[in-house]
Amino acid sequence: MPETKGSANQLDSKYRKILLAAKRSKQIQNGARPRVHLPNSKSTRVALAEIDRGLINFEITND
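Numbers in the working numbering are just positions in the sequence shown, counted from 1, shifted up by 21.
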């Protein structure tokens, strides 16, 4: 399978969305600046909001 690049609105499954949200949530927990402001929200909810708004780009590799 070749590498695929895209934005969140091009996700092919809900499972890939969850994996992407988990990685982004971990980045936020480790100090990355959130791209949306949701008061009193956990990093997972912020990550999902970023994905839903198309603010997260990703690359699918064969790893």
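Each residue gets a CB set at the ideal place from its N, CA and C atoms; glycine is no exception.
Nearest Cα to ILE77 within the set ARG45, LYS35 and ASN51: ARG45. Only residues of its own chain outside the window of five on either side were considered, and among them ALA42 have a CB closer than 7 Å to the CB of LEU69, listed in chain order. Taking LEU32 as the centre and dropping the five residues before and after it, the same chain places the C-beta of LYS38 closer than 6 Å to its C-beta, in chain order. Rounded to the nearest whole angstrom, the CA to CA distance from THR82 to ARG66 is 25 Å. Assignment of ALA68 by DSSP, reduced to helix, strand and coil, places it in the helix class.
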